[in-house]
Amino acid sequence: MLPEDWRLARYGLVVWCDPQMEVSALHTVLSTMRESLPQLHLTLLTSEAIDYSLLHEMRVETITLSQPPLGQSMGGSLPVRSLPSPQNGFYRKELRASDLSSPAHGISVNKGEQEEQPIRSLIQILRDHHFDAALILTTPTQSPYAWAYLCYLAGIPIRVGQSKEFGGGVLSTCISPPLDDVSTTEYYLHLLRSLGLVNTEKPQPQLAV
Numbered sequence: 001m002l003p004e005d006w007r008l009a010r011y012g013l014v015v016w017c018d019p020q021m022e023v024s025a026l027h028t029v030l031s032t033m034r035e036s037l038p039q040l041h042l043t044l045l046t047s048e049a050i051d052y053s054l055l056h057e058m059r060v061e062t063i064t065l066s067q068p069p070l071g072q073s074m075g076g077s078l079p080v081r082s083l084p085s086p087q088n089g090f091y092r093k094e095l096r097a098s099d100l101s102s103p104a105h106g107i108s109v110n111k112g113e114q115e116e117q118p119i120r121s122l123i124q125i126l127r128d129h130h131f132d133a134a135l136i137l138t139t140p141t142q143s144p145y146a147w148a149y150l151c152y153l154a155g156i157p158i159r160v161g162q163s164k165e166f167g168g169g170v171l172s173t174c175i176s177p178p179l180d181d182v183s184t185t186e187y188y189l190h191l192l193r194s195l196g197l198v199n200t201e202k203p204q205p206q207l208a209v
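The sequence shown maps to residues 1 to 209 in our numbering.
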C-alpha cells in the first residue's frame with residue numbers, strides 16, 4: 001500500500017542529473033510512478049536532452065539544466081531553461097539566463113552574491129513549483145545529499161534517495177541501497193519498492209533500445 005504522504009502528494013519532482021545514467025532506467029522510474037501515482041503532476045529535473053515526445057506521452061514536465069554543476073560527480077548543472085507553462089497540454093517554456101535573476105523570481109543579487117546566484121535561482125524555481133515530494137536518482141557511487149539539501153531549501157517536504165551514509169534530516173526518507181551489485185534499473189526499482197510504489201504482481205516496463 002502506498003504511504004499516505006505519497007497518496008496525498010500533487011506535485012512530484014524526479015531529479016536525474018547524471019549523463020552516465022541509463023535512459024531506459026529513467027523510463028522505468030517515470031512509467032512506474034505514473035502508474036502508481038496517476039494523480040501526481042510529475043516534473044523531471046535533468047541536465048540532459050531528453051526525448052520530449054516520450055515525456056509528453058507520460059505527461060512529464062521538464063526543468064533542464066546546463067553550465068557548471070553542483071559537483072561533477074553528481075552530473076548536476078545550473079538552470080538555463082524551465083518548462084512550466086502549458087502548450088497543448090504539455091508544459092514547455094524557455095528561460096534565458098537573465099530571466100533567472102529577474103525580480104519576478106523574488107531574488108535580489110549583490111556583487112558579492114553573484115557566484116551563489118545560479119544555485120539560488122534554481123532553489124527559487126523549485127520553490128515556485130510548490131513540489132510536495134522529490135525523488136533523487138543517483139548511482140551507487142553517488143551521494144544524494146547535495147540535491148536533497150537544495151530540495152530542503154526549496155521547501156519540498158518529502159525528499160527521498162538512496163545512501164549508505166547518514167545525513168541527518170536532509171533526506172526525509174533515506175533508503176539503504178541493495179547489498180548486491182545490480183543494474184541501474186534494478187537499483188532504481190529497489191528505491192521504488194521500498195516506498196511501496198511498485199506493483200509486484202506485474203512486470204515493470206522497459207524501454208526498447
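Built from N, CA and C at the ideal position, the CB exists for glycine as well. The structure displayed is predicted, hence computed values, not measured ones.
With a beta-carbon spacing of about 11 Å, Val14 and Leu37 fall beyond the 8 Å limit used to define contacts. For Thr184 and Ser143, the gap between their C-alpha atoms comes out near 15 Å. Of all C-beta pairs linking the region 39–49 to the region 169–179, fewer than three are shorter than 8 Å, placing the two stretches out of contact. When the five nearest sequence neighbours on each side are left out, the beta carbons in the same chain lying within less than 6 Å of the beta carbon of Phe131 are those of Tyr11, Leu13, Ile156, in order along the chain. When only Cα atoms are considered, Ala9 and Ile158 end up about 9 Å apart. Shortest Cα-Cα distance from Ile119 to any of Tyr149, Val60, Thr141, Ala134 involves Tyr149. Gln39 counts as exposed, since fewer than 16 other C-beta atoms from the protein chains shown sit within 10 angstroms of its C-beta.
Beta-bridge partners assigned by DSSP to Arg159: Ala134.
Counting along the chain, the unbroken beta strand (DSSP E) around Val14 starts and ends at 11–16.
Leu192 sits in a helix when the DSSP states are folded into three classes. Taking all protein chains shown into account, Ser176 has fewer than 16 neighbouring C-beta atoms within 10 Å of its C-beta and is therefore exposed. According to the DSSP secondary-structure assignment, Cys174 is paired through a beta bridge with Gly161. Per DSSP, the unbroken alpha helix (DSSP H) holding Ala146 starts and ends at 145–153.
Short of 8 Å from the beta carbon of Lys164, and not among the five residues preceding or following it, lie these beta carbons of its own chain, in chain order: Ser176, Pro177. Going by beta carbons, Trp6 and Leu195 fall inside the 8 Å limit. Secondary structure at Pro38: coil, using DSSP grouped into helix, strand and coil. Excluding sequence positions up to five before and after Tyr145, its CB lies within less than 6 Å of the CB of Gly167, Val170, all in the same chain and listed in chain order. Inclusion of Thr62 and Leu197 in the CB contact set at 8 Å is not warranted, their separation being larger than that value. The three-state reading of DSSP puts Met21 in coil, since its state is none of H, G, I, E or B.
Annotation for Cys151: Leu13, Val15, Leu126, Phe131, Ala134, Ile136, Arg159 place their beta carbon closer than 8 Å to its own, counting only its chain and skipping 5 residues before and after.
A direct Cα-Cα distance of roughly 22 Å separates Asp18 from His129.
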